[in-house]
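Below: one structure, written as structure tokens.
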Amino acid sequence: MTLLSIRSEDFDRASRVDAFRNVVASMTKVDFIPDDRQHFNSETSIAVLPGAIIGHGRHSASTAIRTRSHAADCSDDVMFHIPLAGGGTISQTGGKEEVLHPGLVYVDPGDVPGTVRFGGQHMEGIYVSIPRAHLSSAAAGLEVALRRSAPLTPQWRLFLTYARGLHAELPALAPEEAARCVTHVQDLALMALGATREATEIAAGRGVRAARLKDVKREIEQNLLSPGLSADSVASRLGLSSRYVRALFEREGTSFRDHVAGRRLARAYRMLSDPALQHLNIARIAMDAGFGDLSWFNTRFKQTYGMTPRDVRAQIA
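Residue numbers (this note's numbering): 111 to 427.
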């Protein structure tokens with residue numbers, strides 16, 4: 111979790127605008143052009159979290175340009191612009207100019223060039239960026255919403271209220287608490303975009319089982335290389351019963367053991383395919399991936415990938 115603050119008033123007055131523009135361009139991939147260089151004022155507070163970026167900004171009259179080269183450097187995120195005060199416009203390649211003002215949300219494909227115009231004395235807004243992969247279950251709704259301004263529905267207002275509150279309270283939250291809150295932000299975005307029935311139920315709080323499974327899988331990833339990793343150890347850390355943890359995977363048509371083995375096998379495959387790790391023998395890689403039994407590792411690897419660990423290594427020789 112990283113908290114950043116960019117304020118024009120923190121720069122030396124003599125070179126304020128140019129210094130501010132340079133910092134903003136490097137951090138947010140946009141070029142700010144103020145209407146009035148002498149009285150220009152801008153401040154943005156940004157929270158960078160695993161799975162979301164939440165920002166609050168307030169800018170005097172100016173134009174923000176995301177150039178083609180800026181767009182090429184952007185990750186595959188979707189940004190939701192929600193004005194709180196003032197007004198302006200936004201236009202992006204592939205869309206038409208859209209109005210920005212309180213009561214609207216604009217859905218921005220973050221890797222597309224565009225221009226935002228902050229009008230009037232100032233414009234204030236909340237910005238939430240979420241990796242597109244987290245929005246896949248709402249793909250149809252997302253495609254309809256991209257590059258458009260739309261009225262804030264009750265679902266969007268819930269999204270705004272939660273994201274704004276999380277941004278304000280982040281300094282007081284532990285990292286693991288903030289991570290759980292990011293999941294709520296993502297789920298509320300899914301609900302607002304008109305997600306599938308299953309994703310909507312999760313967002314509405316009825317998908318307890320799916321939410322628990324996310325927690326269990328996250329715990330597995332954090333302890334993947336631990337020789338003591340088991341359904342019992344994960345259940346104990348999460349305050350669940352081991353029987354319940356095993357049942358979560360059974361409902362997915364797999365088992366706790368097979369899921370762990372699959373994640374460890376994927377790690378081993380990446381290590382075997384890495385030219386920089388060719389000096390490690392296969393037994394060492396199996397151990398480093400969390401396997402204690404080399405014979406069982408070789409058998410499962412062949413079953414999963416249709417080739418032996420030695421075959422995979424031979425491909426990069």
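Here a beta-carbon is modelled for each residue, glycine too, at the ideal position from N, C-alpha and C.
Source: prediction; values computed, not measured.
Cα-Cα separation, residue i to residue j
i, j, result
"Ser340", "Arg367", "8 Å"
"Ser247", "Leu300", "7 Å"
"Leu335", "Glu287", "24 Å"
"Tyr435", "Met189", "Because the chain in this structure spans residues 111 to 427, residue 435 falls outside the shown range and cannot be described."
"Arg423", "Arg410", "16 Å"
"Leu252", "Gly304", "8 Å"
"Gly416", "Ser405", "16 Å"
"Pro295", "His191", "Before going on, a small fix: residue 295 reads as Val here, not Pro. Approximately 14 Å, taken between the alpha carbons."
"Leu268", "Arg377", "39 Å"
"Ser351", "Ser343", "10 Å"
"Ser152", "Ile116", "8 Å"
"Leu348", "Leu323", "11 Å"
"Val133", "Arg373", "40 Å"
"Ile426", "Ala393", "18 Å"
"Thr138", "Asp146", "21 Å"
"Glu119", "Ser136", "18 Å"
"Asp384", "His244", "28 Å"
"Arg361", "Glu331", "20 Å"
"Phe407", "Ala371", "9 Å"
"Met381", "Thr154", "41 Å"
"Ala249", "Ser179", "26 Å"
"Ser365", "Arg353", "11 Å"
"Val217", "Leu113", "23 Å"
"Ala181", "Val254", "21 Å"
"Leu210", "Ile163", "20 Å"
"Gln148", "Pro241", "37 Å"
"Gln388", "Val140", "42 Å"
"Arg274", "His369", "36 Å"
"Leu283", "Ile395", "38 Å"
"Gly67", "Pro337", "Nothing about residue 67 can be reported from this structure: the residues present for the chain run from 111 to 427 only."
Element boundaries [beta strand (DSSP E), containing residue i]
i, result
"His169", "Ala162 to His169"
"Thr414", "Thr414 -> not in any beta strand (DSSP E); alpha helix (DSSP H) instead, spanning Leu404 to Tyr415."
"Gly205", "No beta strand (DSSP E) contains Gly205, which DSSP labels as neither H nor E."
"Thr154", "Ser152 to Leu159"
"Ile240", "Met233 to Pro241"
Terminal residues of the alpha helix (DSSP H) in which residue i lies
i, result
"Arg367", "Phe366 to Leu382"
"Arg347", "Ala341 to Leu348"
"Glu253", "Ala249 to Ala255"
"Val83", "The structure shown does not extend to residue 83, since the chain is modelled only from 111 through 427, so no value can be given for it."
"Thr271", "Pro264 to Glu279"
"Ser352", "Ser352 to Glu360"
"Ile113", "It should be noted that the sequence gives Leu, not Ile, for residue 113. Per DSSP, Leu113 belongs to no alpha helix (DSSP H); it is in the beta strand (DSSP E), Thr112 to Arg117."
"Val222", "No alpha helix (DSSP H) contains Val222, which DSSP labels as neither H nor E."
"Ile426", "Element bounds for Ile426: n/a, residue is neither H nor E."
"Asp325", "Val318 to Gln332"
"Ala393", "Ile392 to Asp398"
Counterpart residues of residue i in DSSP-defined beta bridges
i, result
"Val217", "Phe190 and Leu256"
"Phe228", "Ser172 and Gly198"
"Phe142", "Ala174"
"Ala209", "Just to set this straight, residue 209 is Val in the shown sequence, not Ala. Its beta-bridge partners are Thr199."
"Pro261", "Leu214"
Pair within 8 Å by beta-carbon distance, residue i and residue j
i, j, result
"Phe142", "Ala129", "no"
"Ser259", "Leu214", "yes"
"Ile156", "Gly165", "yes"
"Gly229", "Gly196", "yes"
"Arg168", "His232", "yes"
"Thr418", "Leu375", "no"
"Pro144", "Ser170", "yes"
"Val64", "Leu390", "Look at the range of the chain in this structure, 111 to 427, and you will see that residue 64 is not part of it."
"Leu270", "Leu262", "yes"
"Ser185", "Gly220", "yes"
"Gly235", "Leu298", "no"
"Gln265", "Ala289", "no"
"Ser239", "Asp187", "yes"
Do the segment 264 to 283 and the segment 324 to 334 meet, that is, are 3 or more Cβ pairs less than 8 Å apart? The segment 264 to 283 vs the segment 324 to 334: no contact.
Determine contact between the segment 391 to 401 and the segment 347 to 366, defined as no fewer than three beta-carbon pairs at a distance below 8 Å. Counting C-beta pairs with one atom in each stretch, the segment 391 to 401 and the segment 347 to 366 have fewer than three that are closer than 8 Å, which means they do not touch.
Pairing CB atoms from the segment 217 to 228 with CB atoms from the segment 193 to 203, are three or more of them under 8 Å? Output reads yes: the segment 193 to 203 touches the segment 217 to 228.
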